[in-house]
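Have a look at the structure below before the remarks.
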Amino acid sequence: MLDINLIRKEPDAVRAMLTARGGSANSLDAILTLDVQRREILTQSEVLRATRNTVSKEIGRMSDPAEREARKMEMRSVGDQITALEADLGGIETQLADLTAALPNMLDPRTPIGPDEDHNVILRVEKGSAPEVTFAPKMHDELGVALDMIDFERGVKLSGSRFYVLNGWGARLQRGLIAWMLDLRQEQGYAERYLPFMVKQQTLFAAGQLPKFRDNLYHDAEEDFWLVPTAEVPLTNLHGDEILDVADLPRLYCAYTPCFRREKMSAGKDVRGIKRGHQFDKVEMYAFTRPEDSDATLEKMRADAEETLRKLGLTYRIKQLCSGDLGFGSRITYDLEVWSPGCSEWLEVSSVSNVGDFQARRAGIRFRREKGAKVEFVHTLNGSGLGLPRTVIAVMENYQQADGSIVVPEVLRKYVGTDVISKK
RNA sequence: GGAAGGAUGGCUGAGUGGUUUAAAGCGACGGUCUUGAAAACCGUUGUCAGGCUACGCUUGACCGUGAGUUCGAAUCUCACUCCUUCCGCCA
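As structure tokens, then:
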């Protein structure tokens with residue numbers, strides 16, 4: 009949610025942001041008009057309320073019955089006026105809130121301007137320590153079936169297309185990665201949380217998923233339960249409606265959750281393997297910081313995500329998203345993409361964003377610098393650390409051997425329970 | 001799923017239609033006293049939104065949420081949510 013004061017004072021900056029993101033600025037004038045109307049009506053109704061409050065107290069003290077009745081009559085009509093004004097006000101505030109909630113976040117000055125993903129900027133490529141695959145590499149789905157790690161048929165039987173079952177070493181490789189990454193996050197200073205995988209509507213609104221991304225969410229038909237599309241949603245709301253102690257900032261969290269997304273996936277794209285599905289696992293990083301610390305925390309989180317790939321020995325690159333490709337709530341985003349020789353593709357495994365106070369405003373997450381000081385909104389940041397299926401793919405394809413077996417990266421061996429995954 | 005009870009400020013807790021401007025206590029913060037601390041005493045102590053030549057003053061809203069009754073609601077009515085306890089069911 010943008011600050012209404014910002015929209016009021018710097019409408020041109022907001023308009024420029026909307027254009028840079030490739031959106032329409034049509035609602036802006038309506039917002040400004042409604043904002044003026046709102047304040048006018050609010051002032052009128054408050055003056056009437058003040059009158060009624062005063063007179064009502066006088067009525068309580070009056071002894072003359074005729075006088076008393078006369079004043080009651082007067083106040084009855086004042087009450088009617090207040091009711092009418094507040095009905096108008098309610099309508100205006102609803103419209104204003106709907107329009108404002110649909111506005112995306114302002115851009116960080118470092119975010120490059122561009123219309124679409126072709127204008128994202130590759131900042132750097134880091135070569136991994138894993139030995140290069142010198143033979144014709146296989147894709148992970150082929151490897152997975154051959155080594156009995158992935159069962160596509162039974163996944164489809166259970167839940168339909170894009171679902172799969174991980175068998176034996178496949179399941180262990182994923183579980184090992186999750187456990188190892190959570191332990192790594194712990195060392196990096198993130199406190200682990202185990203979270204609800206279903207949340208209520210308000211929780212999704214505060215994280216900026218609703219109302220805009222309603223079509224991408226799964227929810228229960230009878231009760232107010234929505235499946236989380238990312239751990240970012242419950243993590244944002246962990247401190248919703250709280251005023252945090254400045255001594256506790258920054259607060260860093262990590263959490264493992266499955267993620268559920270209703271995506272309209274085109275038939276020809278990403279059909280092979282486990283790259284994209286309606287359900288996937290992820291370890292998430294999240295931070296609540298003072299405004300002046302969020303830039304540094306963004307760099308820390310990016311570095312922490314990078315450390316994961318470096319320790320796994322994988323080659324990756326860092327991409328900075330341009331304005332047209334940036335997420336709704338983000339001011340600035342780095343994507344981490346890992347090289348996977350089987351599918352011969354850079355796979356997005358992490359996205360690290362500084363959200364500024366955008367979610368904090370929606371969720372009411374504040375802090376106070378000192379006793380008696382005004383409350384201020386915190387900044388929040390989120391980053392994947394990392395998305396699982398694609399990390400699994402990258403490990404499988406990068407560490408495959410000519411004989412069809414897969415070497416388990418050093419750091420994962422005690423988590424997975426073997427050095428090499430091979431045909432039994 | 002059934003039954004009963006409850007929800008008031010940072011915490012405890014009073015208030016059942018008009019001196020409530022939400023009592024009192026605790027805590028926290030500031031001060032006096034002290035070599036220092038404690039004790040004692042004095043003072044301060046929420047959030048949100050308006051307005052005002054504005055580091056302050058002022059108006060309104062907020063007693064779980066939303067409606068309603070009334071000149072006036074923490075207080076009365078209705079609906080809902082959540083919590084606690086008991087029963088049932090269950091991993």
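Using this note's numbering, you'd call the opening residue of the first sequence number 9 and step up by one each time. No residue lacks a Cβ here, since even glycine has one placed at the ideal position from N, Cα and C. Nothing here was measured: the structure is a model prediction, and the numbers come from that model.
Alpha-carbon spacing of residue i relative to residue j, whole angstroms
| i | j | result |
| --- | --- | --- |
| I39 | R222 | 23 Å |
| D156 | L394 | 24 Å |
| E134 | V164 | 37 Å |
| A313 | E307 | 10 Å |
| E125 | K432 | 44 Å |
| T108 | M9 | 7 Å |
| L174 | D159 | 6 Å |
| A381 | A371 | 21 Å |
| I251 | V291 | 27 Å |
| I100 | L115 | 28 Å |
| W177 | K17 | 58 Å |
| R132 | R325 | 6 Å |
| D138 | I401 | It should be pointed out that residue 138 corresponds to Ala in this sequence rather than to Asp. In a straight line, the C-alpha of A138 is about 15 Å away from that of I401. |
| L243 | Y294 | 7 Å |
| V360 | R57 | 49 Å |
| N362 | E353 | 27 Å |
| M70 | G87 | 20 Å |
| E230 | T316 | 41 Å |
| D303 | D43 | 32 Å |
| P117 | M25 | 11 Å |
| E195 | A95 | 55 Å |
| R398 | A154 | 19 Å |
| S85 | A74 | 17 Å |
| T388 | Q45 | 32 Å |
| G30 | L334 | 10 Å |
| R339 | K208 | 26 Å |
| E150 | S348 | 14 Å |
| T41 | E161 | 57 Å |
| T265 | M83 | 57 Å |
| L97 | R47 | 9 Å |
Of the residues the options, the one placed nearest residue i, counting alpha carbons only
| i | options | result |
| --- | --- | --- |
| Q408 | S392, A144, R170, L50 | A144 |
| R79 | R318, N61, A95 | N61 |
| T119 | G332, A368, G391, D106 | G332 |
| I90 | E101, T59, G391 | T59 |
| G501 | E315, R201, L36, S430 | With the chain running from 9 to 432 in the structure shown, residue 501 is simply not present. |
| D249 | R369, R270, R284, G152 | R369 |
| A311 | Y342, H286, G321 | Y342 |
| F268 | D256, C262, Q287 | Q287 |
| R284 | A295, Y294, V254, E271 | E271 |
| P219 | S358, D106, S85 | D106 |
| D427 | R76, L181, Y261 | L181 |
| I121 | Q328, V153, R47 | Q328 |
| L320 | I186, E231, V383 | I186 |
| I130 | T388, E356, P204, G364 | E356 |
| T142 | V416, I414, A410 | A410 |
| P204 | R183, E195, A239, G184 | A239 |
| D289 | L97, A179, E345, I340 | A179 |
| E345 | G335, S358, G337, S338 | S358 |
| E384 | S348, V254, K208 | V254 |
| L260 | R318, V55, V386 | V386 |
| G197 | P258, D149, P349 | P258 |
| G364 | N406, T305, I414, E378 | T305 |
| T27 | P123, R47, D72, T102 | P123 |
Cβ-Cβ separation, residue j to residue i (assumed contact under 8 Å), whole Å
| i | j | result |
| --- | --- | --- |
| M147 | R280 | 6 Å |
| M309 | G425 | The Cβ separation is near 30 Å, so there is no contact. |
| N128 | C330 | 5 Å |
| Y202 | A263 | 7 Å |
| N245 | A214 | 6 Å |
| G216 | F375 | That belief does not hold up - the Cβ atoms of G216 and F375 are roughly 20 Å apart, past 8 Å. |
| H247 | I49 | Their Cβ separation, rounded to whole angstroms, is 34 Å, which puts H247 and I49 out of contact at 8 Å. |
| G136 | L396 | Not confirmed; about 18 Å, so no contact. |
| V22 | I12 | That belief does not hold up - the Cβ atoms of V22 and I12 are roughly 11 Å apart, past 8 Å. |
| K52 | L104 | It should be noted that the sequence gives Gln, not Lys, for residue 52. Q52 to L104, Cβ: 17 Å. No contact. |
(message) I'd like the ranges of any alpha helix (DSSP H) spanning at least 4 consecutive residues and lying wholly in the stretch 163 to 198.
(response) 176 to 196
(request) Starting from the N-terminal side, write out each stretch of the alpha helix (DSSP H) that is 4 residues or longer and does not extend beyond the stretch 297 to 338. (result) 302 to 319
(message) Between the stretch 299 to 306 and the stretch 166 to 175, can you find at least three pairs of beta-carbon atoms closer than 8 Å?
(response) no
(message) With three or more C-beta pairs closer than 8 Å as the rule, is the stretch 180 to 195 touching the stretch 215 to 235?
(response) no
(message) Extract the residue ranges of the alpha helix (DSSP H) inside the stretch 56 to 119, only unbroken runs of 4 or more that lie entirely within it.
(response) 73 to 109
(request) Could you say if the stretch 209 to 227 and the stretch 414 to 425 meet the contact criterion of at least three C-beta pairs nearer than 8 Å? (result) Counting Cβ pairs under 8 Å, fewer than three are found: no touch.
(request) Flag this pair as touching only if the stretch 27 to 35 and the stretch 61 to 75 have three or more C-beta atom pairs under 8 Å; answer yes or no. (result) no
(request) Write down every uninterrupted run of the alpha helix (DSSP H) in the stretch 201 to 232 whose length is 4 residues or greater and which is fully enclosed by it, in chain order. (result) 209 to 214
(request) Ignoring anything shorter than 3 residues or poking outside the stretch 381 to 420, list the beta strand (DSSP E) runs there in chain order. (result) 383 to 385, 387 to 395
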